[in-house]
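Visitor: Starting off with a structure, shown below.
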Amino acid sequence: MIIETERLVLRDWLPTDHEPWAAMNADPAVREFLGPPITREQADASIAYFQEALDRNGYGFWAVEVRGTGEFIGFTGLDDVDDFMPFTGVEIGWRLARSAWGRGYATEAARAVLAYGFETLRLPEIFAITTTTNVRSQAVMRRLGMTTDPAEDFDHPEIEEGDPLRRHVLYRIKP
Ligand SMILES: CC(C)(COP(=O)(O)OP(=O)(O)OC[C@H]1O[C@@H](n2cnc3c(N)ncnc32)[C@H](O)[C@@H]1OP(=O)(O)O)[C@@H](O)C(=O)NCCC(=O)NCCS
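Quick note: the sequence shown uses our numbering, first residue 18, plus one each step.
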């Protein structure tokens with residue numbers, strides 16, 4: 018399964034993605050709202066997990082590369098909302114290397130993923146969550162036309178009280 022946009026290709030994960038994926042997840046700027054940097058082993062394990070979900074469901078977090086150069090820049094895709102969250106359904110997510118920020122790549126990839134989710138998967142709604150402080154990610158959500166209601170802000174069930182990353186916003190969009 019490949020999703021193509023004007024400037025990007027969303028595709029299965031390749032062996033050559035492991036090194037740049039580990040490098041971007043060792044970058045404190047990329048991890049600012051995600052938690053501490055992860056090890057090479059954890060990065061490798063996450064690729065296996067993403068690819069397994071893609072193979073099983075036909076959707077998941079696709080690797081994103083720049084058309085033409087073939088440069089790997091991160092992921093964008095869809096994920097089943099975890100059972101312990103205060104809502105159920107499918108969420109959209111993105112994570113790009115610092116060098117790929119500020120070019121509209123996340124929004125471009127996410128637009129194509131939303132279209133796939135609504136037109137091919139026939140999802141009734143798609144969610145997005147992030148910390149209240151992750152303004153870059155929330156700007157992507159708003160550019161996509163997603164909306165939020167402060168009354169739906171919530172504490173992430175897996176993040177401890179007192180952790181500044183605990184408070185989250187919930188954005189939604191329908192077809
Ligand atoms: C969240 C994240 C993907 C957002 O990336 P981003 O580059 O800010 O978002 P976009 O790809 O939509 O790019 C928008 C920016 O590109 C600019 N831009 C430049 N060329 C553009 C073009 N051709 N088309 C559209 N926008 C363009 C826009 O003006 C905007 O700039 P601004 O941030 O100065 O306003 C990125 O910050 C990231 O990976 N963060 C770390 C991981 C993370 O927190 N993920 C989310 C967890 S919930």
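Positions of the beta carbon are idealized from the N, C-alpha and C atoms, including for glycine.
#1: Ordered along the chain, which non-local residues of its own chain (more than five positions away) have a Cβ less than 8 Å from that of Asp61?
#2: Taking just the CA atoms, how far does Leu31 sit from Val81?
#3: Could you spell out where the beta strand (DSSP E) holding Leu95 opens and where it closes?
#4: For ligand 1, is there a heavy atom less than 8 Å away from the beta-carbon of Gly119?
#5: So Phe144 is in the alpha helix (DSSP H); what residue range does that whole segment cover?
#6: Once you ignore the five residues that flank Pro45 on each side, which residues in its own chain have a CB closer than 8 Å to its CB?
#7: Please state if the CB of Phe89 and the CB of Phe78 are separated by a distance shorter than 9 Å.
#8: Near Met41, which residues of its chain fall below 8 Å by C-beta distance, leaving aside the five closest residues on each side in sequence?
#9: Between the C-alpha atoms of Gly75 and Thr165, what's the straight-line distance to the nearest angstrom?
#10: For Glu142 versus Ile64, is the C-beta distance shorter than 9 Å?
#11: Can you tell which of Glu23, Glu169, Thr33, Ile19 has the C-alpha that lies nearest to the C-alpha of Thr147?
Guide: Here's the rundown:
#1: So the list reads His35, Ala39, once near-sequence residues are dropped.
#2: Just so you know, the alpha carbons of Val81 and Leu31 end up roughly 11 Å apart.
#3: Secondary structure note for Leu95: its beta strand (DSSP E) is the uninterrupted segment 89 to 97.
#4: Correct: Gly119 has its Cβ closer than 8 Å to ligand 1.
#5: The continuous stretches of alpha helix (DSSP H) do not include Phe144, which lies in the beta strand (DSSP E) extending over residues 143 to 148.
#6: If you ignore the 5 residues before and after Pro45, its C-beta comes within less than 8 Å of the C-beta of Pro54, all in its own chain and listed in chain order.
#7: No, they are not a contact pair.
#8: Closer than 8 Å at the Cβ level, and outside the excluded window around Met41, lie Val47, Gly91, Arg112, Leu113, Ala114, Arg115.
#9: Those two C-alpha atoms are separated by around 28 Å.
#10: In this structure, Ile64 does not lie closer than 9 Å to Glu142 by Cβ.
#11: Proximity to Thr147 across Glu23, Glu169, Thr33, Ile19 peaks at Glu169, based on C-alpha coordinates.
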